[in-house]
DNA sequence: CAAATGACAAAAATCAATATTTGTCATTTG
DNA sequence: CAAATGACAAATATTGATTTTTGTCATTTG
């Protein structure tokens, strides 16, 4: 697209646009090459395979999910409020991406199955943001936790139904928000001061 | 199989066996008819379609999941112990079914997508068993909850990663048990006495 | 000589002709 | 006459021949 200079970045730009337009299953590296007006062999000088290209696109795409969340995580507001905001935002972004653009949803599904490493890194990033908020909450004496990373993992896992794309079909149910509220209340009363006595 | 008498039950028996043997995608109603040594038209006198037959098989199959759980739910032990046992059992059964028999796993996936009503009824049954245990827990002054059904739904939803078949691929991860333990501890401290102050 | 090309083999997807399966129903059977 | 049959049309799946796509690399180009 950006004339004459061919960088990995410009390839990713073109690739992402082509993925969007043709859908993830149907796009070939020849299509991407055509969009850039180069031969498809050229793409292979920059990315070792079609999978590598798709993973790179995915990574950038997931970064655009985690960046605005990082901003929320870094705020100064009370940790309980902030954690709620953070999850509302996460859920909103995921729902939007998945329901708004069905073609992209298929990509996401394919990725989740095949680009395991990229997704795992993304999840790790998200969990560490949650851990940050929880740690702040402990300092503010709102939350009680000996190990904020462990607590963060637990919170992430307990809310999986509301943000993991495999559950996307359930998100259009009318009571999905109240289901989330219920789970949220349960989690929050587990996380909040005063500490519950040790579990059995 | 059972000679000469053809009841809906005997058809289900045969159908289930054929499903097991040939896998869910490949079995035809002709196969089921052959196993019973009748014409395939006969099957249609008892079940209005192949889908209806498959749903009926599924329903019986899911009942064999919920029956042993109902037994646990009805025990007299302390509610917290019993709830833990109940979930361990649920998870064990699901893992076994899904990982033990890959063909059957495919059936389960197909069902979850297509036989929505049957699965929904099953989930409702499970949630009502949890509600029963929680209610006992409140009476025993172990748990604190104003609405046991709502709490039950929350607990079920929060543990979805560990029993919903769409997450089966994650179950072979080495840390799945400790992930469950973490979520369980979080949930339990949310559920347990003394009641946390009202949520924001 | 660094970067891009395009001819090429191997792997994967498409397509249309063929075969199987589903579901119906008029006829047969006990 | 109630229950089962099997011939049938429509829908669906299979198959294998053909095309497209992926990935490599010796050659070309600026």
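Residue numbers (the numbering used here), protein chains in the order written: chain A, 1 to 200; chain B, 1 to 200.
Cβ coordinates follow ideal geometry from the N, Cα and C atoms, glycine included.
No experiment lies behind these values; they were computed from the predicted model shown.
Legend entry - residue 127 of chain B: contacting residues in chain A (beta-carbon distance under 9 Å): Correct list: empty, because the minimum Cβ distance to chain A is about 11 Å.
Inset, instruction - Identify every residue that forms a DSSP beta bridge with residue 143 of chain B. - result: Note: residue 143 of chain B sits in a beta bridge opposite B:192.
Inset, instruction - Give the residues from the region 153-168 of chain A that approach chain B closer than 9 Å (Cβ to any Cβ), ordered along the chain. - result: Of all residues in the region 153-168 of chain A, only 153, 154, 155, 157, 158, 159, 160, 161, 162, 164, 166, 167 place a beta-carbon less than 9 Å from a beta-carbon of chain B.
Legend entry - Within-9 Å CB hit, residue 51 of chain B to chain A: no
Inset, instruction - Pick helix, strand or coil for residue 157 of chain A, following the three-state DSSP scheme. - result: helix
Legend entry - Neighbour list for residue 27 of chain B in chain A, Cβ cutoff strictly below 9 Å: In chain order: nothing, as chain A lies at least about 25 Å away.
Inset, instruction - Could you check what DSSP says for residue 24 of chain A in three-state terms: helix, strand or coil? - result: In the structure shown, the three-state DSSP call for residue 24 of chain A is coil.
Inset, instruction - Out of B:158, B:14, B:115, state which residue places its alpha-carbon closest to the alpha-carbon of residue 87 of chain B. - result: B:158
Legend entry - Anticipated Cβ contact below 8 Å, residue 154 of chain B with residue 182 of chain A, distance rounded: That pair is a contact at about 4 Å.
Legend entry - Beta-carbon spacing of residue 50 of chain A, residue 18 of chain A below 9 Å: no
Legend entry - Where residue 48 of chain B sits in the DSSP three-state scheme: Three-state DSSP puts residue 48 of chain B in coil, outside helix and strand.
Inset, instruction - Using a Cβ cut-off of 9 Å (strictly closer), state whether residue 189 of chain B contacts chain A. - result: yes
Inset, instruction - Would you mind telling me which residues of chain B sit closer than 8 Å to residue 150 of chain A, beta carbon to beta carbon, in chain order? - result: 182
Inset, instruction - Compare the C-beta of residue 82 of chain A with all C-beta atoms of chain B and state if any pair is closer than 9 Å. - result: no
Legend entry - Element boundaries [alpha helix (DSSP H), containing residue 102 of chain A]: 102-114
Legend entry - Segment contact flag, the region 53-70 of chain A with the region 86-105 of chain A, C-beta cutoff 8 Å, min 3 pairs: Remark: three or more beta-carbon pairs, one from each stretch, lie closer than 8 Å, so the region 53-70 of chain A and the region 86-105 of chain A are flagged as touching.
Legend entry - Span of the alpha helix (DSSP H) around residue 35 of chain B: 29-36
Inset, instruction - Output, in chain order, the set of chain B residues within a Cβ distance shorter than 9 Å of residue 179 of chain A. - result: Those within 9 Å of residue 179 of chain A in chain B are 153, 154, 157.
Inset, instruction - Could you tell me whether any Cβ in chain A is nearer than 9 Å to the Cβ of residue 117 of chain B? - result: no
Inset, instruction - Give the single residue among B:57, B:45, B:6 whose Cα lies nearest to the Cα of residue 24 of chain B. - result: Residue 24 of chain B has its Cα closest to that of B:57, out of B:57, B:45, B:6.
Inset, instruction - Kindly indicate which three-state DSSP category residue 119 of chain B falls into: helix, strand or coil? - result: Three-state result, residue 119 of chain B: helix.
Legend entry - Buried/exposed call for residue 41 of chain B, threshold 16 Cβ in 10 Å: Burial call: exposed.
Inset, instruction - Please name the residue in B:76, B:72, B:118 whose C-alpha comes closest to that of residue 52 of chain B. - result: B:118
Legend entry - Within chain B, partners of residue 90 of chain A - CB distance below 7 Å: Residues of chain B passing the Cβ test: none, with the nearest at roughly 16 Å.
Inset, instruction - Identify whether residue 174 of chain B lies in helix, strand or coil by the three-state DSSP scheme. - result: coil
Inset, instruction - For chain B, find out if any of its Cβ atoms is closer than 9 Å to the Cβ of residue 20 of chain A; answer yes or no. - result: No, no contact with chain B.
Inset, instruction - Round the Cβ separation of residue 165 of chain A and residue 110 of chain A to the nearest angstrom and send it over; I've been treating them as touching at under 8 Å. - result: With 8 Å as the limit, residue 165 of chain A and residue 110 of chain A do not qualify as a contact, their Cβ atoms being about 11 Å apart.
Legend entry - Buried or exposed (CB count within 10 angstroms, at least 16 for buried), residue 177 of chain B: exposed
Legend entry - Residue nearest to residue 37 of chain A in terms of C-alpha spacing, selected from A:137, A:138, A:11: A:11
Legend entry - Cα-Cα separation between residue 213 of chain B and residue 121 of chain B, rounded to whole angstroms: The structure shown does not extend to residue 213 of chain B, since chain B is modelled only from 1 through 200, so no value can be given for it.
Inset, instruction - Taking only beta-carbon positions, decide if residue 185 of chain A is within less than 9 Å of chain B. - result: Yes, its Cβ sits closer than 9 Å to a Cβ of chain B.
Legend entry - Where residue 16 of chain A falls: helix, strand or coil (DSSP): helix
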